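Input: a single structure, listed below in structure tokens.
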Amino acid sequence: MEVWFTERQTDAVSIGLKVKAVLWRERTPYQELAVVDTEAYGRTLVLDGAIQTTERDEYVYHEMIAQVPLAVHPHPRRVAVIGGGDGGAIREILRHPEVEEAHLVEIDERVVEVAQRFFPEIAVGLTDDRTRLHFTDGIAWAREARDFDVILVDSTDPVGPAQGLFTPDFYRTLYEALAPDGIMVAQSESPFLQPELLRQIVQGVRQHFPITRVYLATIPTYPSGLWSFTWGSKRQDPEAVPEMVGEWAQSLRYWTPAVHRAAFCLPPFVQELIDA
Ligand code: AG3
């Protein structure tokens, strides 16, 4: 008998993965949390029915959300991730030897515990000396935060607990939490399936950040496979990535200086969406 996991991505689109085993299922105070072992993508973390991370393609997302701003920032010492309880973004941040503090601000402690148990290679950085865990609301945390070099918004889709992380007010809060060289990057969903949402995110970031840009990566298990990230900085140029990068870039599988620059080249349908 074949068992399939289906994520309903929109009313008219879904992705199906053939299941080897359902490894975990629980209802946390915030959401439904599941771990499914799939034939094509390995272990898969699912929140409220939406795929967050798979063993086979997680590196694309985690390298691109974290290494793009970290490669540009001249001295990333204090870095934070809002959401991202699986620890993948933290793992990427910790590759940089100049990072002194990596803060993870995750509302749902159960996500961290389940990730540590079922995804040890992704969650590896969560027990590092430089990592600080905050199990609290990202918006409240960010209001008190100051002097961060890089802040990543590694959220779920804008339904349920993550809704407030997609508002212009929140982008202002992040602006204030960042130092003068600061950079924020937010995952900003699929340009094909959520064009209005991407437009709205970009407009919200633009209200507060003088430099606002969008970049793309291919993430096979996310809706449509073409994924966007929105960059906001006070003065750092997103494309100013050094040609010679340090040791930290040696074992990456997606990010390179050339991929970095290419990621900011937008097809007209995306460019028009965010210009309008
Ligand atoms: N955060 C972005 C997941 C969005 C995926 N959406 C979906 N499958 N409908 C991922 C967290 C990884 N650290």
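For the sequence shown, my numbering gives the first residue as 172, with consecutive numbering after it.
Backbone N, C-alpha and C define an ideal beta-carbon position, used for all residues, glycine too.
Values in this document were obtained by computation on a predicted structure and should not be read as measured data.
(1) Using only the alpha-carbon positions, how far apart do Arg214 and His244 sit?
(2) Kindly confirm or deny that the segment 246-256 and the segment 193-213 touch, where touching means at least three C-beta pairs closer than 8 Å.
(3) Going by DSSP, name the residue or residues bridged to Tyr425.
(4) Looking at C-alpha atoms only, which residue of Arg303, Thr209 and Phe400 is the closest neighbour of Ala273?
(5) Should Ala429 be counted as a contact of the ligand AG3 given a C-beta to heavy atom distance under 8 Å?
(6) Closer than 8 Å: is that where the CB of Thr327 sits relative to any heavy atom of the ligand AG3?
(7) DSSP three-state label for Phe176, please.
(8) Kindly indicate the opening and closing residues of the beta strand (DSSP E) around Met355.
(9) Does the beta carbon of Val441 come closer than 9 Å to any beta carbon on chain B?
(10) Ignore the nearest five residues each way along the sequence and tell me which others in Arg266's own chain have a CB closer than 7 Å to its CB.
(11) From the DSSP secondary-structure annotation, give me the bridge partner or partners of Val252.
(12) Can you tell me where the alpha helix (DSSP H) with Phe380 in it begins and where it stops?
(13) How far does the alpha helix (DSSP H) with Asp446 in it extend, from its first residue to its last?
(14) Going by beta-carbon coordinates alone, are Phe400 and Val385 separated by less than 9 Å?
(15) Quickly, what does DSSP pair Trp402 with across the bridge? List them, please.
(16) If you draw a straight line from the C-alpha of Gln378 to the C-alpha of Ile310, how long is it?
(17) How many angstroms separate the CA atom of Leu251 from the CA atom of Met172?
(18) In the DSSP output, what is Asp208 paired with across the bridge?
(19) Which residue wins for smallest C-alpha separation from Thr298, given the options Trp312, Ile322, Glu277 and Arg262?
(20) With DSSP collapsed to three states, give me the class of Gly187.
(21) Can Thr224 and Ile293 be called in contact, C-beta distance under 9 Å?
Per the coordinate set shown:
(1) 33 Å
(2) no
(3) According to DSSP, Tyr425 bridges with nothing at all.
(4) Arg303
(5) no
(6) yes
(7) strand
(8) Leu349 to Gln358
(9) Absent from the structure is chain B; it holds one protein chain and no more.
(10) Trp419
(11) Leu275 and Leu323
(12) Taken as a continuous stretch (DSSP letters only), Phe380 belongs to no alpha helix (DSSP H), as it is neither H nor E.
(13) Pro439 to Asp446
(14) yes
(15) Val356 and Arg384
(16) 18 Å
(17) Rather than Leu, the amino acid found at residue 251 in this sequence is Ala. So the two alpha carbons sit approximately 44 Å from each other.
(18) Ala192 and Arg214
(19) Arg262
(20) strand
(21) yes
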